[in-house]
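Residues 129 to 391 in my numbering are what the sequence shown spells out, letter by letter.
Using N, Cα and C, we set each Cβ at its ideal position, and we do this for glycine too.
Keep in mind it's a predicted model, so treat the numbers as computed, not measured.
For reference, the structure is listed below as structure tokens.
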Amino acid sequence: MELMAGKRGLIMGLANDKSIAWGIARALHGAGAELAFSYQGEQLKKRVDPLAAQVGSQLVIPCDVAEDDSIDALFERLKSEWGGLDFVVHAIGFSDKNELRGRYVDTSRANFRLTMDISAYSFTAVMQRAAPMMKEGGAALTLTYYGAEKVMPHYNVMGVAKAALEASVRYLAEDLGRDGIRVNAISAGTIKTLAASGIGDFRYIMKWNEYNSPLRRNVTQDEVGRAALFLLSELGSGVTGEVLHVDAGYHVVGMKAIDAPDI
Ligand code: NAD
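Printed below as a string of structure tokens:
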């Protein structure tokens, strides 16, 4: 039987076919889930519509997570279309790219607020609306990065926001666990996406991961997708409050590999 047959879920953060959200959508669709998508801004609609159609979805709804009204409208629409909800994927992050290079110490107050709001708080705002729709329990997933745990070059304020996001996963898991709702994160390795291209020296960072992770390569969108399927399906029924690293093992490494070539 298909793992996600009869399950309905929302995927937030699809921008194009390179998005991590797309790898997750494909894995869930392959397991029989019914999907809805939210996207930010009219410009993205023309990219998201055809992708959604590829995975059998016509439910493509605008949502800017910086606006409570916009999140409310998204969940009102979902409620009227579906009534209930089984899972939600939050694959959203944003920071001023001028501050994703150079030093963390130079972070401005305005961009600190913006980055925290879009990249950390929005997951909580989404769960406020999603949880009441998960009457028979459910599962939620967000995306984080190793820069939350250790200093990574140029990740700066985004690392601070991801640390807050990971802490939110633990608090949300406790708050919602009694209603049978599980909340987890995947800490993904470096993948070339639109958001990642805003990070200074990202090509160098990807190469470093390729040469120094235990698997000696980067992960793929599909590998993140399959881990998401595990966490969102019955396979992960005993897992909540977890940050699962899907990073070719990079997070266990203490120093440059002896055989790593110079970059
Ligand atoms: P992406 O650019 O494809 O996706 C980022 C998405 O965030 C876009 O769809 C964008 O529209 C959305 N977004 C930004 N601001 C928004 C707002 N105000 N309202 C609604 N949506 C908004 O890039 P991605 O790499 O697939 O990013 C998805 C998630 O994965 C992010 O949280 C990112 O930090 C995380 N992540 C990425 C990597 C990587 O190497 N690419 C590694 C670990 C974690």
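Asked                                                                                                          : Found
ALA385: CB within 8 angstroms of a non-hydrogen atom of the ligand NAD                                         : no
Residue nearest to ALA323 in terms of C-alpha spacing, selected from SER223, ALA268, GLY305                    : SER223
Among HIS373, MET334, ASP375, nearest to ILE391 - alpha-carbon criterion                                       : MET334
Secondary structure of HIS379, DSSP reduced to three states                                                    : helix
Ordered list of alpha helix (DSSP H) runs contained in the segment 159 to 187, each at least 4 residues        : 170 to 182
LYS135: CB within 8 angstroms of a non-hydrogen atom of the ligand NAD                                         : no
First through last residue of the beta strand (DSSP E) which encompasses GLY417                                : This structure cannot settle anything about residue 417, because the visible part of the chain is limited to 129 through 391.
Any non-hydrogen atom of the ligand NAD closer than 8 angstroms to TYR332 Cβ                                   : no
Nearest residue (CA-CA) to VAL183, options GLN171, ALA164, LYS174                                              : ALA164
Whole-number beta carbon distance between VAL374 and GLU338, since they are thought to touch under 8 angstroms : Their Cβ separation, rounded to whole angstroms, is 15 angstroms, which puts GLU338 and VAL374 out of contact at 8 angstroms.
Cβ separation of LYS263 and GLY275, assumed to be a contact under 8 angstroms, to the nearest whole Å          : In fact, because the Cβ distance is near 36 angstroms, the residues do not count as touching under 8 angstroms.
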